[in-house]
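Asker: One structure, pasted below without further comment.
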Amino acid sequence: MKRHATGVRSSEIFPRVPPCPPWLKLCLALPLAIALAGTAACAKGSSANANTSASAAEKSEAPEAPAPAPQPYAPGSAPLPHIDAKRAFEYTREVTAFGPRYMGNENHKKLESYILDHLKGDQVEDDTFTADTVEGKFPVRNIIAKYPGTKDGIIVIMGHYDTVYSLRNSGFVGANDGGSSTAILLEFANQLRTPGKKRDGYSVWLVWTDGEEAVKTWSDTDSLYGTRHLAEKWEKDGTLKKIKALMVMDMIGDADLDIMRDTNSAPWLLDLIYAAATRLGYQSHFYALQGPIEDDHLPFVKRGVPSADVIDLDYGYNNVFHHTPQDTMDKLSPKSLQIVGDTIMETIQMLDQR
Ligand SMILES: [Zn+2]
33 MKRHATGVRS SEIFPRVPPC PPWLKLCLAL PLAIALAGTA ACAKGSSANA NTSASAAEKS
93 EAPEAPAPAP QPYAPGSAPL PHIDAKRAFE YTREVTAFGP RYMGNENHKK LESYILDHLK
153 GDQVEDDTFT ADTVEGKFPV RNIIAKYPGT KDGIIVIMGH YDTVYSLRNS GFVGANDGGS
213 STAILLEFAN QLRTPGKKRD GYSVWLVWTD GEEAVKTWSD TDSLYGTRHL AEKWEKDGTL
273 KKIKALMVMD MIGDADLDIM RDTNSAPWLL DLIYAAATRL GYQSHFYALQ GPIEDDHLPF
333 VKRGVPSADV IDLDYGYNNV FHHTPQDTMD KLSPKSLQIV GDTIMETIQM LDQR
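Printed below as a string of structure tokens:
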């Protein structure tokens with residue numbers, strides 16, 4: 033389980049101020065830290081501007097500067113991405129049908145084979161080790177698929193495929209929590225695969241992470257087993273320095289999609305994702321809620337890697353379906369996979385142009 037102890041609706045950040053047009057002025061006038069905290073609140077009500085802090089920066093420029101504001105994220109005329117969400121939804125259904133998939137169990141092994149079967153012909157690596165936990169030792173296997181690009185640098189997309197060990201006998205199957213992240217990465221693989229040539233942009237590495245979930249109670253030492261190991265490994269071998277951006281997909285299938293603005297993530301990357309969503313007309317599904325999330329990005333955030341967690345931690349009213357047997361396919365929608373999938377593919381295109 034990921035904590036967001038102080039997660040709040042953006043509209044609750046400044047509860048005593050009137051709604052948006054005055055807020056916009058308030059945000060521009062307030063000190064930077066408060067302005068950043070209010071970015072989502074302001075952006076939410078503003079259909080024109082995805083990046084309030086950029087707008088604030090523009091306003092502070094000398095008035096005599098004649099040149100138009102630079103467009104660092106300009107998408108140009110690149111066609112809008114469109115993943116096969118129906119296929120991604122079917123993957124989610126198939127993954128969920130394996131049942132509980134906690135570290136080391138039989139269903140987990142079947143799922144490993146299922147993922148690898150979908151990556152035939154791709155460049156695939158393993159990061160395997162044994163995790164020593166309060167519930168004993170578990171085999172852990174991160175699966176990495178690499179799609180080389182023409183540009184020097186790597187974009188990493190991650191999503192966990194394990195389910196919660198402590199819920200193994202509860203009927204928990206993790207359709208959203210574990211299933212949707214596994215599936216969207218499989219569909220990204222379909223989109224990124226360019227047989228016989230490099231993709232036009234950065235290399236993209238997809239990582240199906242293992243041991244994201246706690247085995248007993250979420251803490252710094254009981255959680256994120258796979259990514260803590262991988263971050264350390266990539267620090268030692270120099271990979272971390274090459275990562276331009278890292279994005280984590282988690283619980284992105286909820287039919288009522290509200291991607292949170294995670295305050296542990298890099299603000300510029302969150303803003304870029306929002307700009308991508310806006311280009312696709314999906315911005316209303318982003319950042320109505322904000323707060324600190326602990327997820328697979330944290331071991332990389334701690335090492336200075338620009339990272340973003342793309343997560344909907346508002347799963348059912350008051351998050352009631354999270355880590356319960358109610359996390360089932362009927363709560364999910366292919367439309368949500370479409371929204372997140374297209375937005376992340378567009379974000380990759382925008383990153384490629386930087
Ligand atoms: Zn979880």
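Numbering (the numbering used here), first residue to last: 33 to 386.
Heads up, the beta-carbon is just placed ideally off N, CA and C, and yes, glycines get one too.
#1: Compute the Euclidean distance between the alpha carbons of Asn83 and Lys142, then round it to the nearest angstrom.
#2: Going by other Cβ atoms of all chains shown within 10 Å of its Cβ, with 16 needed for buried, is Thr124 buried or exposed?
#3: Given Ile66, which residues of its chain have a CB within under 7 angstroms of its CB, disregarding the five upstream and five downstream residues?
#4: Which residues mark the beginning and the end of the beta strand (DSSP E) in which Ile380 is found?
#5: Quick check: the Cα distance between Arg293 and Met281, rounded to an integer number of angstroms?
#6: To which residues of the same chain is His140 closer than 6 angstroms at the C-beta, ignoring the five residues directly before and after it?
#7: CB Asn174 to CB Met283, shorter than 9 angstroms?
#8: In this structure, how does DSSP classify Ala177 when only helix, strand and coil are distinguished?
#9: Let me check one thing: in DSSP terms, what residues is Glu157 bridge-paired to?
#10: Can you give me the C-alpha to C-alpha distance between Leu369 and Val172, rounded to a whole angstrom?
#11: Can you tell me whether His114 is buried or exposed? The criterion is at least 16 other CB atoms within 10 Å of its CB, across all chains shown.
#12: The beta strand (DSSP E) with Arg231 in it runs from where to where?
#13: First and last residue of the beta strand (DSSP E) that includes Gln322?
#14: At the level of alpha carbons, what is the spacing between Leu345 and Arg386?
#15: For ligand 1, is there a heavy atom less than 8 angstroms away from the beta-carbon of Val196?
#16: Compute the Euclidean distance between the alpha carbons of Pro366 and Ala117, then round it to the nearest angstrom.
#17: Between which residues of its own chain and Leu302 is the CB-CB distance below 8 angstroms, once the five residues before and five after are set aside?
#18: Three-state secondary structure (DSSP) at Asp194?
#19: Relative to the alpha-carbon of Tyr347, which residue among Trp240, Asp362, Arg335 has its alpha-carbon at the smallest distance?
#20: For the beta strand (DSSP E) that contains Leu278, what are its first and last residues?
#21: Got a sec: does ligand 1 put a non-hydrogen atom nearer than 8 angstroms to the Cβ of Gly131?
#22: With a cut-off of 8 angstroms on the beta carbons, I'd call Glu219 and Gly373 a contact; round off their distance for me.
#23: Buried or exposed for Arg225, please, with buried defined as at least 16 other CB atoms from any protein chain shown within 10 angstroms of its CB.
#24: In three-state DSSP terms, what is Met292?
#25: Among residues of its own chain, excluding the 5 on either side of Thr375, which ones have a beta-carbon nearer than 7 angstroms to its beta-carbon?
#26: Over what stretch of residues does the alpha helix (DSSP H) that includes Val127 continue unbroken?
#27: With a 10 Å radius around its C-beta and 16 neighbouring C-beta atoms as the bar for buried, classify Leu112 as buried or exposed.
#28: Can you tell which of Asp290, Leu272, Gly323 has the C-alpha that lies nearest to the C-alpha of Ser297?
#29: Could you check whether the Cβ of Met190 sits closer than 8 angstroms to any heavy atom belonging to ligand 1?
#30: Can we count Asp209 as close to ligand 1, meaning its CB is less than 8 angstroms from some heavy atom?
#31: Pick helix, strand or coil for Asp341, following the three-state DSSP scheme.
#32: Thinking just about the alpha-carbon of each residue, which of Phe332, Tyr197, Asp290 is nearest to the one in Ala263?
#33: Just to confirm, is the Cβ distance from Leu217 to Gly233 under 9 angstroms?
#34: Just checking my contact of Pro357 with Gly203 at CB under 8 angstroms: how many whole Å lie between their CB atoms?
#35: Assuming contact is defined by CB atoms lying nearer than 9 angstroms, are Ala215 and Gly153 in contact in what I supplied?
#36: How many Å lie between Val205 and Phe130 at the Cα?
Answerer: Taking the geometry as given:
#1: Since pLDDT at Asn83 reaches only 35, below the 50 mark, its modelled position is unreliable, and the value read off the structure follows with that caveat. Rounded to whole angstroms, Asn83 to Lys142 spans 43 angstroms at the Cα level.
#2: buried
#3: With a pLDDT of 33 at Ile66, under the threshold of 50, the predicted position of this residue should be treated as unreliable, and no value is reported.
#4: From DSSP, Ile380 is part of no beta strand (DSSP E) but of the alpha helix (DSSP H) over 366 to 384.
#5: 13 angstroms
#6: Arg133
#7: no
#8: strand
#9: Ile176
#10: 27 angstroms
#11: exposed
#12: 231 to 241
#13: 318 to 323
#14: 30 angstroms
#15: yes
#16: 5 angstroms
#17: Arg293, Asp294, Tyr319, Ala340
#18: coil
#19: Asp362
#20: 275 to 282
#21: no
#22: 6 angstroms
#23: exposed
#24: strand
#25: Ile305, Ala308, Ala309, Leu312, Tyr314
#26: 117 to 129
#27: exposed
#28: Gly323
#29: no
#30: yes
#31: strand
#32: Phe332
#33: no
#34: 4 angstroms
#35: no
#36: 8 angstroms
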